[in-house]
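In UniProt numbering, the protein residues as written are 1 to 100.
The beta-carbon is built from N, C-alpha and C at its ideal position, and this holds for glycine as well.
Please read these numbers as outputs of a predicted model, since none were measured by experiment.
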Amino acid sequence: MDSFAVLAEPTRRRILDELRTAESSVGDLVATLRMSQPAVSKHLKVLREAGFVSVRVSAQQRVYRIEPGPLADVDSWLAPYREMWTNHLDALERHLDDME
Numbered sequence: 001m002d003s004f005a006v007l008a009e010p011t012r013r014r015i016l017d018e019l020r021t022a023e024s025s026v027g028d029l030v031a032t033l034r035m036s037q038p039a040v041s042k043h044l045k046v047l048r049e050a051g052f053v054s055v056r057v058s059a060q061q062r063v064y065r066i067e068p069g070p071l072a073d074v075d076s077w078l079a080p081y082r083e084m085w086t087n088h089l090d091a092l093e094r095h096l097d098d099m100e
């Protein structure tokens, strides 16, 4: 599945936001996101199949963490746009400086 299609779903982005700071179990994500376990599991499955997260078993829990690869691909795609905006903002700054 296309990375942008995966990230288009707001719930998946919320899950990634939660996993950004620490690994979490499905139960922790259910409590934090205030969603049902089947709904969270459905989104985690999509994220896992797209490579955004990985899972490990710890005792009776499945613990999820972010995998940087797909996010690095998204970051690479965004790089030219960041450069474009940086150039525009630099030009605006020069223009404003010239007006003073």
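query, result
"Cβ shell of Met1 (< 8 Å), same chain only, five flanking positions each side left out", "Val46, Glu49, Ala50"
"Arg43 versus Thr11: straight-line alpha-carbon distance, rounded", "It should be noted that the sequence gives His, not Arg, for residue 43. Taking the straight line from one Cα to the other gives about 7 Å."
"Close-in-space but distant-in-sequence residues of the same chain around Ile66 (CB under 8 Å, 5 per side omitted)", "Leu16, Leu19, Arg20, Phe52, Val53"
"Of the listed residues Asn87, Val74, Leu89, nearest to Val6 (C-alpha basis)", "Val74"
"Limits of the beta strand (DSSP E) - the one that Arg56 falls within", "53 to 58"
"Where Tyr81 falls, given that 16 or more other Cβ within 10 Å makes a residue buried", "exposed"
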